[in-house]
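K.L.:
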Amino acid sequence: MNLRGIFAIYHFEMSRMFRTVSQSIASPVLSTALYFIVFGSAIGSKIGNIDGVNYTSFLVPGLIMLTILNQSVSNASFGIYFPKFSGTIYEILSAPISPIEITCGYVLAAASKSVLVGLIILITSAFFIEITILHPFWMLLFLILMSITFSLFGFIIGIWANDFQKIQLIPSFILTPLTFLGGSFYSISMLPDFWQKLSYVNPIVYLISSFRWSFYGNSDVNVVVSISATFFFLVLCMVFVSWIFKTGYKIKT
Amino acid sequence: MIAIDIKNLNKSYENGLKALKNINLSVRSGEIFALLGPNGAGKSTLINIICGISKKTSGKVTIFGKDNILDYKFTRSKIGLVPQEIATDSFEKVINTLKFSRGLFNKVPSDEYLSFILKSLNLVTKKNNQIRTLSGGMKRRVMIAKALSHEPKILFLDEPTAGVDVNLRKTLWNFLNKLKKNGVTIFLTTHYIEEAENIADRIGIINNGEILITENKKKLIEKLGEKKIIITINSSHNKLSYITKKYQLKKNKNKLSYIYNSKKNIDLSASLLSDLVKSSVKIDDIEIEKSNLEEIFLNMVEK
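Those protein sequence lines, which keep their order, are chains H and U. Residue numbers for the first sequence follow the numbering used here, so the first one is 1 and each next one is one higher. Residue numbers for the second sequence follow the numbering used here, so the first one is 1 and each next one is one higher.
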């Protein structure tokens, strides 16, 4: 196994993040802080408790999830798209490194960044809001698992995209709406019956629900179903990535 | 020992374009092989297939006896590639990009070796500069340094001196000769015939996806090159038209040109001179011109 190759890609991607710290870390943290101020303090004070949890505290898991899903997808998609755009992909393709090893390098780097950003948001919010984490192990596991899953998803988008516009296409028009409608800011049980049923078609509902469960023990969906859904999406992405490398789709002419 | 062996290699694109047609080619270990061809001849496609960047349609490529697809980890570890286009991570420092390349090829970190490469390519003072701050020529050197960072046994250079000034080009030629002395096999494509003429041991000419010839450089020039004898005469003579016809000379004012190709004709230059002297034609000057690789190349690809 080419571990040095994996580390080289990982190190290169992490260096890029530290070179652009304001964009990689400060920007998502600031955006999330603004959500806390607007939805939490200004509007949240009028809403009261949801499932026995203060609304501002209720927001924390959803906002962390919202951020890490977007960060994972954008980090991984940009990570692999940019070498394609600049032409430096030639070096990766001509190196003695397997498709799995390439994927590991890029996806682990993107996931690491997301976990880091997620933890920074969590720590920052703890200064302003009372946060309880009933299942810290599961919280961390979900954070890592979802970062990896969505980094894989972003990696696929980065390979598929042949211009910068396409990189933003799926995150803007599919992922962000699904995340907003997936219970980031509310409990699914607050919706009318029809919209509740429709929400269960949204895969993000399961992810946010299980993550919130790790904090407060409340869940819109059965936790086992949520974990299964996460693993299913992870496996689906892995299968798709291996197909991409097997066929050289959008990489090799 | 054969470093690169290509058998019946074909490459067709989905739009029906046949980029490579039944390529058969061997490159010996430690030699400098130059592949010449016009734009779109298939030079880069061939390199890209050998290095694993493009897919072949059929055929076989082996590197030191191992298949470049089945044993890709072995074959790629032996290869360094300098592509035609300058493609670098603009915001990365020179030294970091070399470390990245070495790691990618699964080599143990070695500051000592990377320093040697930087020194060899006159990049020591630029090692902590971001690549974007370098000139075009410097960036080209960084590309070469990256390709050498993992100590490859075969170096592919796809038009390495395109857009590079004369001094740097000559520095690079010297450097390639040093690499050759260290046992590195060099496969280069170039538009500069002078480059191939100066540094290559063997030359291949490719056109429309077909290898037209591969030959030792000296033999190629000998075999396909033409010798031109230009005789300046002082006066006209009634026998001159007979001699011109007999030896198929070209006449331009007082200059007679006799073109001789060792592959096609028997050298009649001695007989021609003898006939001229016998006919009392006064000869002022005799010049001999040998055709160079550029003329051979143009003759072949323009057929």
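Yeah, the Cβ is synthetic: ideal placement off N, Cα and C, and Gly gets one too. Given the structure is predicted, the values throughout are model-derived calculations rather than measurements.
Would you be able to state if there are at least three C-beta pairs under 8 angstroms between the region 2-12 of chain H and the region 100-111 of chain H?
P.N.:
Taking 8 angstroms as the limit for Cβ pairs, the verdict is that the region 2-12 of chain H does touch the region 100-111 of chain H.
K.L.:
State the start and end residues of the unbroken beta strand (DSSP E) segment that holds Phe156 (chain U).
P.N.:
Where Phe156 (chain U) is concerned, the enclosing beta strand (DSSP E) stretches over Ile154 to Asp158.
K.L.:
At a Cβ threshold of 7 angstroms, is Thr247 (chain H) touching chain U?
P.N.:
Cβ-Cβ to chain U under 7 angstroms: no for Thr247 (chain H).
K.L.:
By the criterion of Cβ-Cβ separation under 7 angstroms, what are the contact partners of Gly87 (chain H) in chain U?
P.N.:
Under the 7 angstroms cutoff, chain U gives Glu85 and Ala87.
K.L.:
Taking 7 angstroms as the threshold (C-beta atoms), are Ala147 (chain U) and Val94 (chain U) in contact?
P.N.:
The answer is no: Cβ separation not under 7 angstroms.
K.L.:
I want to verify the contact list: residues of chain H whose CB lies under 7 angstroms from the CB of Ile79 (chain U), in sequence order.
P.N.:
Here the neighbours are Ser94.
K.L.:
Give the DSSP-derived three-state secondary structure of Glu31 (chain U) in the structure shown.
P.N.:
The answer is coil: DSSP assigns Glu31 (chain U) none of H, G, I, E or B.
K.L.:
Would you identify the three-state DSSP class for Tyr106 (chain H), choosing helix, strand or coil?
P.N.:
Note: Tyr106 (chain H) maps to helix in three-state DSSP.
K.L.:
Taking the alpha-carbon positions, what's the Trp138 (chain H) to Ile208 (chain H) distance?
P.N.:
Looking at the two C-alpha atoms, the distance is approximately 13 angstroms.
K.L.:
Based on the DSSP output, what are the partners of Leu256 (chain U) in its beta bridges?
P.N.:
Per DSSP, U:Ile231 and U:Lys251.
K.L.:
Between Gly103 (chain U) and chain H, is the shortest Cβ-Cβ distance under 7 angstroms, so that the two count as touching?
P.N.:
Yes, contact with chain H.
K.L.:
Would you please state the rounded distance, in angstroms, between the beta carbons of Arg267 (chain H) and Gly48 (chain H)? I believe it to be under 8 angstroms.
P.N.:
Residue 267 (chain H) lies beyond the residue range present for chain H, which begins at 1 and ends at 253; the question has no answer from this structure.
K.L.:
Out of H:Ile144, H:Ile92, H:Ile64 and H:Pro96, which one is the CA nearest neighbour of Leu34 (chain H)?
P.N.:
Out of H:Ile144, H:Ile92, H:Ile64 and H:Pro96, H:Ile64 has the C-alpha closest to the C-alpha of Leu34 (chain H).
K.L.:
With a CB to CB cut of under 7 angstroms and the five nearest residues on each side skipped, what residues in its chain are close to Asn129 (chain U)?
P.N.:
Once the five neighbours on either side are set aside, the close Cβ partners of Asn129 (chain U) are Lys93 and Val94.
K.L.:
With the cut-off set at 7 angstroms, would you say Ser57 (chain H) and Glu130 (chain H) are in Cβ contact?
P.N.:
Yes, the pair counts as a contact, with Cβ atoms nearer than the cut-off.
K.L.:
Just how far apart, CA to CA, sit Leu236 (chain H) and Ala161 (chain H)?
P.N.:
If I take the Cα positions, the gap works out to 19 angstroms.
K.L.:
Once the 5 residues before and after Gly37 (chain U) are set aside, which same chain residues still bring their CB inside 6 angstroms of it?
P.N.:
Result list for Gly37 (chain U): Lys43, Ile206 and Asn207, in chain order.
K.L.:
Where do the N-terminal and C-terminal ends of the beta strand (DSSP E) with Leu191 (chain H) fall, by residue?
P.N.:
No beta strand (DSSP E) contains Leu191 (chain H), which DSSP labels as neither H nor E.
K.L.:
Quick check: Ile68 (chain H) and Ser31 (chain H), are their CB atoms within less than 7 angstroms of each other?
P.N.:
Going by C-beta atoms, Ile68 (chain H) is not nearer than 7 angstroms to Ser31 (chain H).
K.L.:
Classify Gln84 (chain U) as helix, strand or coil using the three-state DSSP reduction.
P.N.:
If DSSP states are grouped into helix, strand and coil, Gln84 (chain U) belongs with coil.
K.L.:
So with Cβ pairs under 7 angstroms, would you call Phe12 (chain H) a contact of chain U?
P.N.:
Yes - at least one Cβ of chain U is within 7 angstroms of the one on Phe12 (chain H).
K.L.:
Would Tyr280 (chain H) count as contacting chain U if we go by Cβ distances under 7 angstroms?
P.N.:
Outside the shown range of chain H, which is 1 to 253, sits residue 280 (chain H), and nothing can be said about it.
K.L.:
Tell me the DSSP secondary structure of Leu69 (chain H) in three-state form.
P.N.:
Reduced to three states, the DSSP call for Leu69 (chain H) is helix.
K.L.:
Which chain U residues are close to Gly5 (chain H), counting only those with a beta carbon under 9 angstroms from its beta carbon?
P.N.:
Going along chain U in sequence order, the residues near Gly5 (chain H) (Cβ under 9 angstroms) are Gly103, Leu104, Phe105 and Asn106.
K.L.:
Is there a Cβ from chain H that is less than 7 angstroms from the Cβ of Arg76 (chain U)?
P.N.:
Answer yes: the Cβ-Cβ gap between Arg76 (chain U) and chain H drops below 7 angstroms somewhere.
K.L.:
Suppose you measure from the CA of Leu134 (chain H) to the CA of Gln71 (chain H); what does that come to, to the nearest Å?
P.N.:
Looking at the two C-alpha atoms, the distance is approximately 25 angstroms.
K.L.:
Short of 7 angstroms in beta carbon distance, which residues of its chain neighbour Ile131 (chain U), apart from the five on each side in sequence? Order them along the chain.
P.N.:
These residues qualify, in order along the chain: Thr88, Asp89, Ser90, Glu92, Val94, Thr97, Lys139 and Val142.
K.L.:
Chain H beta carbons: is any one of them nearer than 7 angstroms to that of Phe64 (chain U)?
P.N.:
Output row for Phe64 (chain U): interface = no.
K.L.:
Look at the Cβ atom of Phe155 (chain H), then the Cβ atom of Ala229 (chain H), and state whether they are nearer than 7 angstroms.
P.N.:
In this structure, Ala229 (chain H) does not lie closer than 7 angstroms to Phe155 (chain H) by Cβ.
K.L.:
For Lys11 (chain U), report the span of its beta strand (DSSP E) as first-last.
P.N.:
Start and end: Ile2 to Ser12.
K.L.:
Please state the DSSP three-state secondary structure of Thr20 (chain H).
P.N.:
Coil at Thr20 (chain H), not helix or strand.
K.L.:
Show which residues of chain U have a CB atom less than 7 angstroms away from the CB atom of Ala8 (chain H).
P.N.:
Residues of chain U passing the Cβ test: Phe100, Gly103 and Leu104.
K.L.:
With a threshold of 6 angstroms on Cβ separation, who are the neighbours of Thr189 (chain U) within its own chain once the five nearest residues in sequence on each side are excluded?
P.N.:
Cβ within range, chain order: Leu35, Lys43, Asp158 and Glu159.
K.L.:
Is any beta-carbon of chain U found at less than 7 angstroms from that of Asn2 (chain H)?
P.N.:
Yes, contact with chain U.
K.L.:
Of the choices H:Leu198, H:Leu116, H:Val221 and H:Ser98, whose alpha-carbon is the least far from that of Ser242 (chain H)?
P.N.:
Considering only alpha carbons, the answer is H:Ser98.
K.L.:
Please confirm whether Ser199 (chain H) and Val205 (chain H) have their CB atoms less than 7 angstroms apart.
P.N.:
Contact: yes.
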